[in-house]
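First the structure, in the form of structure tokens, and then the observations on it.
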Amino acid sequence: MRDYVYNPPTGPIPILYADGQVLAVNKPEGLLTVPGKGEDKQDCLINRLRADFPGVRLVHRLDTDTSGVVVFGLTHEAQANLGQQFEKRKTDKTYVARVWGRMEQDEGRVDLPMIVDWPNRPRQHVNHETGKPAQTDWRVLERLENETRVALIPLTGRSHQLRVHMAALGHPILGDDLYAEGPARDFPRMMLHAERLVVHQPGTGQKLEFHAPAPF
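Right, here's the structure in full:
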């Protein structure tokens with residue numbers, strides 16, 4: 001992994017939706033979702049949001065180097081309800097990524113169990129003996145000379161799932177400093193973005209669909 005210096009982006013957080021129970025935002029790349037260890041890692045998404053939404057509560061998170069849609073609860077009840085939606089796979093998530101190499105098939109499913117690689121944390125790895133089930137659907141959006149733009153739909157929510165699964169296919173996400181190697185790592189950011197998220201409003205059950213177009 002590259003030597004890491006936390007240098008989060010400045011500027012306001014784009015608010016996609018807020019209704020008193022649910023808050024949806026577009027997280028920029030390079031910003032922690034929650035505080036990390038040390039005083040230098042207290043600047044994060046949830047802390048920035050507290051200025052305008054003092055009751056904001058964590059539901060899920062994105063990796064620091066992943067951008068895109070994140071939802072929060074604004075009450076304890078909303079947080080619990082949204083958390084159950086994620087746990088019971090009642091959400092619908094679509095990511096966009098640029099990956100190394102040309103993917104020849106148009107679509108497919110990765111079904112490879114994963115678990116933390118303890119000697120090399122925070123890395124995760126595929127392990128058919130002790131790994132937890134992990135499935136990702138993928139679909140080609142565009143083929144370029146030596147890369148492919150894909151839509152990724154995680155059916156499970158393992159840590160680093162999309163990154164590990166694409167690397168296991170031989171098509172690591174561009175700019176991924178944990179799982180890509182050589183020229184595939186040499187990009188100004190990791191090319192992974194949470195573009196679409198569907199949840200249900202905790203009070204009414206109404207479908208809420210949030211979009212944040214990929215910036216790459």
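The sequence shown begins at 1 in the UniProt record's numbering and counts up by one.
Just so you know, even glycine gets a beta-carbon here, dropped at the ideal spot from N, CA and C.
> Looking at C-beta atoms only, is the number of pairs between the region 193–207 and the region 59–75 that lie closer than 8 Å three or more?
Replying inline: Touching, per the Cβ criterion.
>> Can you tell me where the beta strand (DSSP E) holding L16 begins and where it ends?
In response: Here the beta strand (DSSP E) through L16 covers 15–18.
> In terms of residues, what are the limits of the alpha helix (DSSP H) holding V164?
Replying inline: Where V164 is concerned, the enclosing alpha helix (DSSP H) stretches over 161–168.
>> On a Cα-Cα basis, can you pick out the residue from K41, V25, M191 that is closest to L32?
In response: Answer by Cα proximity: K41.
> Which word fits T10, buried or exposed, when buried means at least 16 other C-beta atoms lie within 10 angstroms of its C-beta?
Replying inline: Here T10 is exposed. Its C-beta has fewer than 16 other C-beta atoms within 10 Å.
> On the premise that L82 lies in contact with G73, defined as a C-beta separation below 8 Å, what is that separation, rounded to the nearest angstrom?
Replying inline: The beta-carbon separation of G73 and L82, rounded to 5 Å, stays under the 8 Å limit for a contact.
> Residues in its own chain within less than 8 Å of L208 by CB, not counting five upstream and five downstream?
Replying inline: Non-local beta-carbon contacts of L208 in its own chain, meaning distances under 8 Å to residues more than five positions away in sequence, involve Y17, V22, A24, V198, V199, H200, Q201 in chain order.
>> Considering only the alpha carbon of each residue, which of E147, T130, I13, G157 lies closest to K90?
In response: Of E147, T130, I13, G157, the residue nearest in Cα terms is G157.
> CB-CB under 8 Å to E107, same chain, minus the five flanking residues each way: which ones, in chain order?
Replying inline: Same-chain partners within the cutoff: D137, W138, R139, V140.
> How would you label T130, buried or exposed, when you count the other beta carbons within 10 angstroms and need 16 or more for buried?
Replying inline: Answer is exposed; the Cβ neighbour count stays below 16.
> What is the rounded straight-line gap between the Cα of V5 and the Cα of T204?
Replying inline: If you draw a straight line from the Cα of V5 to the Cα of T204, it comes to about 43 Å.
> So who's on the other strand from W138, going by DSSP bridges?
Replying inline: W138 pairs with G108, L152.
> Run through DSSP, which three-state label would E145 get?
Replying inline: Reduced to three states, the DSSP call for E145 is coil.
> Where does A212 land, buried or exposed, given buried means 16+ other C-beta within 10 angstroms?
Replying inline: It counts as buried.
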